[in-house]
Amino acid sequence: PLEELYDGFRELPVQVRVGELDIAKPLLLWINDGLMAVFFLLVGLEIKREAIEGALASPKKAALPVIAAFGGFVTPAAIFTAVNWGDAHALRGWAIPAATDIAFALGVCAMLGRKVPASLKTFLLALAIIDDLMAIIVIAIFYTADLSVLALALGGLGVAALVVLNLLDVRKPAFYLIAGLFTWVCVLESGVHATLAGVAVGFAMPLTRHDGHSLLEDTEHALKPWVNFAIVPIFAFANAGVSLHGLTLSKLAAPIPLGIIAGLFIGKQIGVFGASLLAIRLGLAAMPEGATTAKLYAIAILTGIGFTMSLFIGTLAFDDEVVLKQVRLGVLAA
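The numbers in our numbering rise by one with no breaks, and the one at position 302 of the sequence shown is 302.
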């Protein structure tokens, strides 16, 4: 009975106009292009911090999560492609099962408490962050619409301004906000997905500490509760709606949902665990301290929770509501 209200909420027209600049989109796209830019800003901050002084700060530390993330990205994509081979339209969704949802995977991991060694929690965090970085690269390369060279050039100026702010070690968040908003608007109009502007702002924020504080860490701590308890739930509410009317097992067996389910549930396990075990056996990386083969396999299963990132890539791959319903069904079932 609430279907019309739900659809009305998603399609609510929202317009922002400043002089000749006019941005008019339904609320759903403001959520996917705007709020998700803040989500990717947090991802950018996490990637930079881990790469400079965290679990990815040295080749020795990074070896296992990098190899595992690569295996866990390629294998699900290959499975989806195999299931949907011959359907060029469906193949646009090849990256949907490739990404891990950091918040959900780490949330389940945290619920298991001391049963999970701290080294495996760090491994999962690092793996999910590299996974997101690969997803960002895929979005930039494969899910970009017709490019506007002027808007892209102006976006480049915004990124250059962010780089200058970083080099000057500017610690006022307002300057990054202004440069980031300018970059976001330009990227939004360019055809490249606007969420990448959030990543650029995250990479630009300095990690240099003054009196024990850095702008990057302060911003990360300030954003995390808003992203986890507001932005992700709002995104989920707007994008995960599936009508249960006429739902049958045969609909789960359609090629797109089947490819997503097989990719996330089977492909992630095989890719992450197989690549990890191979790297350890070949001496390219070490087993995380206090971990066992069984516990490493359990972590591989958790990487199959794609939720936020999978739904997001689905919205970029398809604009047909019928297909998007299949995508949501596959992601939620997986």
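Glycine residues also receive a C-beta, built at the ideal position from the N, C-alpha and C atoms.
Source: prediction; values computed, not measured.
Can you name the residues that DSSP bridges to residue i?
| i | result |
| --- | --- |
| residue 213 | 210 |
| residue 326 | Answer is none; residue 326 lacks a bridge partner. |
Between residue i and the rest of its own chain, which residues show a CB-CB distance below 8 Å, the 5 nearest in sequence each way excluded?
| i | result |
| --- | --- |
| residue 52 | 207 |
| residue 144 | 191, 192 and 193 |
Answer with buried or exposed for residue i, where buried requires no fewer than 16 other C-beta atoms within 10 angstroms of its C-beta.
| i | result |
| --- | --- |
| residue 172 | exposed |
| residue 131 | buried |
| residue 236 | exposed |
| residue 111 | exposed |
| residue 310 | buried |
| residue 328 | buried |
To the nearest angstrom, how far is it from the Cα of residue i to the Cα of residue j?
| i | j | result |
| --- | --- | --- |
| residue 303 | residue 88 | 27 Å |
| residue 290 | residue 275 | 19 Å |
| residue 69 | residue 98 | 9 Å |
| residue 150 | residue 190 | 8 Å |
| residue 292 | residue 60 | 19 Å |
| residue 18 | residue 228 | 31 Å |
| residue 280 | residue 73 | 19 Å |
| residue 135 | residue 167 | 27 Å |
| residue 286 | residue 267 | 23 Å |
| residue 214 | residue 245 | 51 Å |
| residue 20 | residue 233 | 34 Å |
| residue 318 | residue 265 | 22 Å |
| residue 212 | residue 36 | 30 Å |
| residue 47 | residue 1 | 43 Å |
So the beta strand (DSSP E) residue i belongs to, where does it begin and stop?
| i | result |
| --- | --- |
| residue 23 | 21-26 |
| residue 16 | 13-18 |
Sorted by chain position, which residues of the same chain lie with C-beta nearer than 6 Å to residue i's C-beta, five sequence neighbours on each side aside?
| i | result |
| --- | --- |
| residue 139 | 193 |
| residue 43 | 132 |
| residue 271 | 71, 72 and 75 |
Excluding the 5 residues flanking residue i on each side, which residues of the same chain have their C-beta closer than 7 Å to its C-beta?
| i | result |
| --- | --- |
| residue 269 | 300, 301 and 304 |
| residue 84 | 90, 91, 255, 256 and 259 |
| residue 323 | 256 |
| residue 284 | 63 and 67 |
| residue 122 | 55 |
| residue 187 | 155, 194, 196 and 197 |
What are the start and end residues of the alpha helix (DSSP H) that includes residue i?
| i | result |
| --- | --- |
| residue 35 | Here residue 35 belongs to no alpha helix (DSSP H), and DSSP marks it neither H nor E. |
| residue 1 | That residue, residue 1, is in no alpha helix (DSSP H); it is neither H nor E in DSSP. |
| residue 121 | 118-142 |
| residue 242 | First-last for residue 242: undefined, no H or E at that position. |
Beta carbon of residue i: closer than 7 Å to some heavy atom of the ligand GDP?
| i | result |
| --- | --- |
| residue 87 | You won't find the ligand GDP in this model; it holds no ligand whatsoever. |
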